[in-house]
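One structure is given below, encoded as structure tokens.
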Amino acid sequence: MFEPFLTVEGWMSLLTLTIMEIVLGIDNVIFISIISDKLKKDIQAKARFIGLTAALVIRIILLTTISYLVIHLKAPLFTAFNNEISWRDMILIGGGMFLVFKSTTEIYHKVEGEVEVEGEKVNKSLTNAVFQIILLDVVFSFDSILTAVGLSGNSLIMSIAVVLSMIVMIVFSTNISNFINTHPSIKVLALSFLLMIGMMLISQGLDKEIPKEYIYASMVFSLFVEGINMYSGKRNKKKKEAIEKKSLQELEK
């Protein structure tokens, strides 16, 4: 049972898979952060914890039934647009469409400048938020587990990697959420990232693969550029404050 951990290859496989699961789980954390921001402050952390715990449970369930999933969920159900559609494809297409709708709606609200006051957040129930989170958890988990199977065929290594990656995401989810929601430009970038992920899921469901590397590379580059803008903005703000302070001191003299 523990033979893989007696070799360097086994440990390298665990490390690689854990890192990959964390990277693949970032979109999950972003979605949970945006949904939980609609709730009252005192239950946002609870929503994030429930969402990520549900993601962990779903991933473990999928791992224990992976042989069934690979055989049955990939079996063609019908043909559309010269493509054989399976349950896997329907899950990916449905999840992708929901993600595109959700991210597009949020971007629209940001562009229109609609401000949500604290009183309005009361109407966003925890149950509704958790339902949306779990719905996308199923899609993200399905995609994540299929990737894990492709990287490692050992169920023990996959299970440990999934648990470790989810623990890391649970620990840092609050920091990620606060960072996204306190920087409007970063939040728009995050929503754009989710929009691209949704389109990618739809294309996967239609057997038109879009390499994940392209999406992640474009997102990293966008974050790099935005980071430069944020740093430049802070520098200019400090310079402006220093000039104003100096002007006041001269006037007082």
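Residue 732, in our numbering, is where the sequence shown stops; the numbers in between run on with no holes.
The C-beta atom is built at its ideal place from N, Cα and C for all residues, glycine as well.
Quantities reported herein were computed from a predicted structural model and do not represent experimental measurements.
Given residue i, which residues of its chain have a CB within under 6 Å of its CB, disregarding the five upstream and five downstream residues?
{"i": "G684", "result": "D568, L571 and I572"}
{"i": "L535", "result": "M645"}
{"i": "D686", "result": "N562"}
{"i": "N660", "result": "D516"}
{"i": "I522", "result": "L605"}
Do residue i and residue j have their CB atoms nearer than 7 Å?
{"i": "I689", "j": "S682", "result": "yes"}
{"i": "V641", "j": "R538", "result": "yes"}
{"i": "L670", "j": "E585", "result": "yes"}
{"i": "I564", "j": "L552", "result": "no"}
{"i": "L542", "j": "S620", "result": "no"}
{"i": "S515", "j": "A533", "result": "no"}
{"i": "K716", "j": "V667", "result": "no"}
{"i": "I612", "j": "G530", "result": "yes"}
{"i": "L493", "j": "I636", "result": "yes"}
{"i": "A608", "j": "L518", "result": "yes"}
{"i": "E705", "j": "S664", "result": "yes"}
Please report the residue range of the alpha helix (DSSP H) in which residue i lies.
{"i": "S682", "result": "P663 to G684"}
By a C-beta neighbour count over all protein chains shown, 10 Å radius and 16 as the cutoff for buried, is residue i buried or exposed?
{"i": "I722", "result": "exposed"}
{"i": "R714", "result": "exposed"}
{"i": "L730", "result": "exposed"}
{"i": "K724", "result": "exposed"}
{"i": "S604", "result": "exposed"}
{"i": "T497", "result": "buried"}
{"i": "F580", "result": "exposed"}
{"i": "F510", "result": "buried"}
{"i": "I650", "result": "For clarity, residue 650 is Val in the given sequence; the question names Ile instead. V650 should be labelled exposed."}
{"i": "M679", "result": "buried"}
{"i": "E488", "result": "exposed"}
{"i": "V601", "result": "Confidence in V601 is poor, its pLDDT being 45 and thus under 50, which makes the residue's placement unreliable; the coordinate value appears in the next sentence. Per the 10 Å Cβ criterion, exposed."}
{"i": "E500", "result": "buried"}
{"i": "G712", "result": "exposed"}
{"i": "V699", "result": "exposed"}
Given residue i, which residues of its chain have a CB within under 7 Å of its CB, disregarding the five upstream and five downstream residues?
{"i": "I655", "result": "V508 and S512"}
{"i": "S582", "result": "L670, L673, L674 and G677"}
{"i": "A524", "result": "T653"}
{"i": "Y693", "result": "none"}
Between residue i and chain D, is any beta-carbon pair separated by less than 7 Å?
{"i": "R567", "result": "Absent from the structure is chain D; it holds one protein chain and no more."}
Counting only the same chain and skipping the five closest in sequence on each side, list residues whose C-beta sits under 8 Å from that of residue i.
{"i": "T558", "result": "I564"}
{"i": "V502", "result": "Y695"}
{"i": "D616", "result": "N507, G530, A533, A534 and I537"}
With a floor of 4 residues, list each alpha helix (DSSP H) that falls wholly inside the region 495-556, ordered by position along the chain. 520-543
What ranges does the alpha helix (DSSP H) occupy inside the region 562-596, keeping only unbroken runs of at least 4 residues that lie completely in it? 566-591
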